[in-house]
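According to mature numbering (1 follows the signal peptide of the UniProt record, and there is no 0), the residues represented by the sequence shown are -31 to -1, 1 to 115, in order.
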Amino acid sequence: MLNRKTARQLIRFGAGAALGGLTLAVATAPAGNTAGPSFTRVQATFGQQVYTTSCQGCHGANLQGVRGPALVGQAFLSEWANGKRPAAELHAYIAEKMPRNKPASLTPAQYRNVTAYVLSKNGYPAGNRSLSAATLKTPLVPPPAR
């Protein structure tokens, strides 16, 4: 069950997404966040909803991998969070090739939200700025220790 503040944030974000996939902010990641791009909890929450309907069948309820590869864990982090690739590459892969049975079928906002959800499930902390083209330029390094 959502509290009122979260519900209001979801409504505001949904309205922005409905107006052309706008993000809440387009600034770069906050100072000190060297692990990954900035995204909000609201984005990750929306991303979880999209993941459940469009991704879970292949990647599992816990992103553990079923027919598709795991989207969490050491193998995933070794591939994507080695400091050599920006988050934009992960996002582009998701946006261009997923879901496998209907590639590029989601909205730009949905792809950003799913990317935020995957990052959150890998231990990257949510911030106060939305995932955007600018923040996706951030190279992915391993997330901070939990």
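Note that beta-carbon positions come from the ideal geometry of N, C-alpha and C, so glycine has one too.
Quick one: what's P55 bridged to in DSSP? Taking the first residue of the sequence shown as position 1, residue 55 is located at position 86. Answer by DSSP bridge pairing, in chain order: P108.
What separation, rounded to the nearest whole angstrom, lies between the Cα atoms of E65 and P55? Stepping through the sequence shown from its first residue, residue 65 is reached at position 96. Stepping through the sequence shown from its first residue, residue 55 is reached at position 86. The alpha-carbon atoms of E65 and P55 are separated by roughly 16 Å.
Which residue from V11, F15, P6 and L88 puts its Cα closest to that of T76? As a working mapping, residue 76 is identified with position 107 in the sequence shown. The residue from V11, F15, P6 and L88 with its alpha-carbon nearest to that of T76 is F15.
Spatial neighbours of H60 within its chain, please: CB distance less than 6 Å, with the 5 preceding and 5 following residues excluded, ordered by chain position. Within the sequence shown, residue 60 is the residue found at index 91, counting from 1. Excluding residues within five positions, the ones whose Cβ falls inside 6 Å are T84 and L105.
K90 versus Y62 - alpha carbon distance: Residue 90 sits at position 121 when you count from the first residue of the sequence shown. Residue 62 sits at position 93 when you count from the first residue of the sequence shown. If you draw a straight line from the Cα of K90 to the Cα of Y62, it comes to about 18 Å.
From T107 to K53, what distance separates their C-alpha atoms? The sequence position of residue 107 within the sequence shown is 138, counting from 1. The sequence position of residue 53 within the sequence shown is 84, counting from 1. So the two alpha carbons sit approximately 10 Å from each other.
Could you give the distance in angstroms between the alpha-carbon of A39 and the alpha-carbon of Q25? Within the sequence shown, numbered from 1, the residue matching residue 39 stands at position 70. Within the sequence shown, numbered from 1, the residue matching residue 25 stands at position 56. Rounded to the nearest whole angstrom, the C-alpha separation of A39 and Q25 is 11 Å.
Minimum C-alpha distance to E58 - residue among Q33, R81 and G96: Counted from its first residue, the sequence shown places residue 58 at position 89. It is R81.
Euclidean distance between Cα positions of V41 and K71: By 1-based counting over the sequence shown, the position of residue 41 is 72. By 1-based counting over the sequence shown, the position of residue 71 is 102. Rounded to the nearest whole angstrom, the C-alpha separation of V41 and K71 is 22 Å.
Go to A44, then tell me how far its alpha helix (DSSP H) extends in each direction, as first and last residue. Position 75 of the sequence shown, counted from the first residue, corresponds to residue 44. Element bounds for A44: Q43 to W49.
What distance in whole Å lies between the Cβ atoms of G96 and T9, which are believed to be in contact at a cut-off of 8 Å? Against the sequence shown, residue 9 aligns to sequence position 40. Against the sequence shown, residue 96 aligns to sequence position 127. Contact flag correct, Cβ pair sits at about 7 Å.
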